[in-house]
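Number of protein chains: 2
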Amino acid sequence: MKVSVDCDIRESLDKVSSKMRRDYSESLREINLYVGQDNLLARLWEGDGITQMQLADHLKCEPPTVTNMVKSLEQNGFIIRKRDGKDGRVMRIYLTDKGKELEKPVDFKWKQQQEKLLNGISPEERLVLRDLMKRMESNLF
Amino acid sequence: MKVSVDCDIRESLDKVSSKMRRDYSESLREINLYVGQDNLLARLWEGDGITQMQLADHLKCEPPTVTNMVKSLEQNGFIIRKRDGKDGRVMRIYLTDKGKELEKPVDFKWKQQQEKLLNGISPEERLVLRDLMKRMESNLF
DNA sequence: AACATTTATTTAGCACACTAATTAAAATTT
DNA sequence: AAATTTTAATTAGTGTGCTAAATAAATGTT
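If you read the protein sequences in the order shown, they are chains L and U.
Residues in the first sequence are numbered consecutively from 1, following UniProt numbering.
Residues in the second sequence are numbered consecutively from 1, following UniProt numbering.
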């Protein structure tokens, strides 16, 4: 099969993204986190007590995904869920001390992962890349 | 949380890749294929009768993934599996007529997906992008 | 020839996302 | 006030990959 430039990019994107995800997943396992949970925690480090709907919105994922992440994080003692006093439908998510302690190690792993991915790519090139990514993103959404 | 340029790129890559995959998956469902199976078939269109190990190598995936894809493709009548006459361990994969007929529609969907992703990005920019992708790829592998 | 190792494939089970359908509470309409 | 609609969360089940362990055939060693 002839591989055009365009095709190359699509496949390359897929390959880079899935490899990155797998590497990062392995790295996060060292601190008992799964991929996706780091982003959820990052939102809580900005301020906790928000609802699952707000988390789904922020993470651009679906409610069942939040349900599962939150369940896992609670079982591991990183967060607790409390039902809202005024609205009996909503659950509010709070960090435990154990959850708060994860901020530094996650930040480190994030930076480590970024540097691995972008190694040898200059700041100017990174800007170009970010621009292209944003344009592809708007093509899809 | 402060979002650095680097972090932006990592997240954007993830987002673009997963959205692309979902869109493409939906498109492939119209011709009774799942994501990944198109690449397996593409290899067979170049020449069939190869083994599952060769497919795993080519697709850069693990043997169990090939087992599952091949099982599904066989159930849908796109391929048949035949045990090798000389080596009783290996299965050789052959296209059926139904499988051969998929080449054109898959090619069409591929091009459609590429054009959607790269819409508004000039040929020069595509070259830059491809170069950057390749460099990120070599950073990871 | 018997035993051990390697190789190809399969099975079992997990991670992480999704959609569709369900439950339960709140808000709106009549 | 009762009935309907909306909203938040959950459950059930699927897709697409993975790893670890099992099976079964071939090859290598003694």
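We put the CB at the ideal spot given by N, CA and C, even for glycine.
For N119 of chain L, the number of other beta carbons within 10 angstroms of its own is below 16, and it is reported as exposed. Contact annotation: the segment 4-23 of chain U does not touch the segment 39-54 of chain U, with fewer than three C-beta pairs closer than 8 Å.
Taking 8 Å as the cut-off, the Cβ atoms of K109 of chain L and L28 of chain L count as close. Residue ranges of uninterrupted alpha helix (DSSP H) with 4 or more members, entirely inside the segment 43-129 of chain U and ordered along the chain, are 52-59, 63-75, 97-100, 103-118. Among the CB atoms of chain L, one or more fall inside 8 Å of the CB of Q114 of chain U. A Cβ-Cβ separation of about 48 Å leaves L140 of chain U out of contact with K86 of chain L under the 8 Å criterion.
Listed by position along chain L, the residues whose Cβ is nearer than 7 Å to that of D38 of chain U form an empty set, because the closest Cβ is around 11 Å away.
DSSP places L33 of chain U in the coil class of the three-state scheme, outside both helix and strand.
In this structure the segment 96-108 of chain L does not lie against the segment 119-135 of chain L, because fewer than three pairs of beta carbons, one per stretch, are closer than 8 Å. Taking the beta carbon of N139 of chain L as reference, the chain U residues within 8 Å of it are K116, L117, L118, N119, G120, listed in sequence order. D8 of chain U and Y24 of chain L have their C-alpha atoms roughly 16 Å apart. Each of U:R126, U:Q52, U:D107, U:G47 was checked against the Cα of M69 of chain U, and the nearest Cα belongs to U:Q52. Proximity of R135 of chain U to chain L, defined by a Cβ-Cβ separation below 8 Å, is satisfied. Taking C-beta atoms as the reference points, L95 of chain U and I79 of chain U count as a pair closer than 8 Å.
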